Amino acid sequence: NVQRYGPDAYLHTGLYTFLTGPADNRAPVEARFSYMWRKIDGAWKIVHHHSSALPKAPGAAVEEAESEDMYPIAQANFKSWNDALQTQDYEKVADLYAKKDLSFLPTVSPKFIRDGDSAKEYFMEFLKKLPDGTVTSDNVQRYGPDAYLHTGLYTFLTGPAESRAPVEARFSYMWRKIDGAWKIVHHHSSALPKAPGAAVEEAESEDMYPIAQANFKSWNDALQTKDYEKVASLYSKTDLSFLPTVSPKFIQDGQSTQEYFMEFLKKLPDGT
């Protein structure tokens, strides 16, 4: 998210994932970030940076233990479903759905689809949009050995190659093993609604968003050079507020920033 504060400052917040460690043993680290960038003497500088490891939600350890064996199955089944979309074969896609006792509430149709033939009719039209889906956030809940609920957010690219457009949506799939094969018995997909006031916020922030993306890329590119002075030069030398992911220190000046990155760059970080 990007929030604008006048013409020369913005707050950039969200989640990022770092790959760290040597090339043959890279490990992902999920974290949260807050950057406050300000234009100082005509150059964008970081005046505040807070990074923290992503905490587990309450009870997450128990939920993960119950669901972890179903998670790779859910990923594989979603891939099979999306791969079927790419074939442009509506019968192949519909074959992944239960032929009876089906509950299907599609993104772009008002119909409540209850059987395999109706699923075919829907995909005959939907596949004309050339959809290609990517899960951006998800959760898997296990219901016995032969069923699971897969929920979350996905983004579709639709339209012809020269004019692909992203569509963000929410999904709920209930998969059940029927006669030894995984089938979708419930699928609910809906366009992601705008948060209250989002239109106003977007109008205020949209001109800063590409700047935020470019500045984050500059910061991450600087990490790749392994030059701690180059990274530190992106931070304000005075009136700085920096709360790093892997240090308990509250860093408030350029020299301390250099000292932090001297050590952090040894982890070979690469952020996304």
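The sequence shown begins at 49 in my numbering and counts up one residue at a time. Here a beta-carbon is modelled for each residue, glycine too, at the ideal position from N, C-alpha and C. Every value quoted in this text rests on a predicted model; they were computed, and no experiment measured them.
Using beta-carbon positions only, say whether residue i and residue j come within less than 9 Å of one another.
i, j, result
"Tyr83", "Thr320", "no"
"Trp230", "Ile161", "no"
"Pro292", "Phe264", "no"
"Ala146", "Ile226", "yes"
"Val95", "Trp85", "yes"
"Asp163", "Leu150", "yes"
Among the options, whose alpha-carbon lies nearest the alpha-carbon of residue i?
i, options, result
"Asp301", "Leu282, Pro120 and Asp275", "Leu282"
"Tyr202", "Ala75, Gly54, Val95 and Pro214", "Pro214"
"Glu173", "Ser304, Leu153 and Tyr138", "Tyr138"
"Tyr196", "His60, Ser220 and Thr61", "Ser220"
"His235", "Gln261, Leu144, Ala71 and Asp275", "Leu144"
"His98", "Thr273, Gly62 and Asp275", "Gly62"
"Glu268", "Leu59, Leu67, Gly200 and Leu102", "In the sequence on display, residue 268 carries Asn and not Glu. Per the Cα distances, Leu67."
"Ser304", "Glu210, Glu277 and Gln272", "Glu277"
Give me the Cα-Cα distance between residue i and residue j, rounded to the nearest whole angstrom.
i, j, result
"Trp92", "Leu288", "13 Å"
"Leu133", "Leu178", "8 Å"
"Ser237", "Phe290", "41 Å"
"Ile88", "Ala142", "57 Å"
"Asp56", "Ala260", "12 Å"
"Gly90", "Lys285", "15 Å"
"Lys127", "Asp180", "10 Å"
"Asp194", "Trp129", "18 Å"
"Ala79", "Gln51", "20 Å"
"Ala75", "Asp117", "21 Å"
"Val233", "Ser100", "39 Å"
"Lys148", "Lys168", "13 Å"
Mind checking which residues open and close the beta strand (DSSP E) that includes residue i?
i, result
"Val183", "Asp180 to Arg190"
"Ile94", "Ala91 to Ala101"
State the start and end residues of the unbroken alpha helix (DSSP H) segment that holds residue i.
i, result
"Val156", "First-last for Val156: undefined, no H or E at that position."
"Ile232", "Note, Ile232: premise wrong, no alpha helix (DSSP H); beta strand (DSSP E) at Ala229 to Ala239."
"Lys265", "Tyr257 to Thr273"
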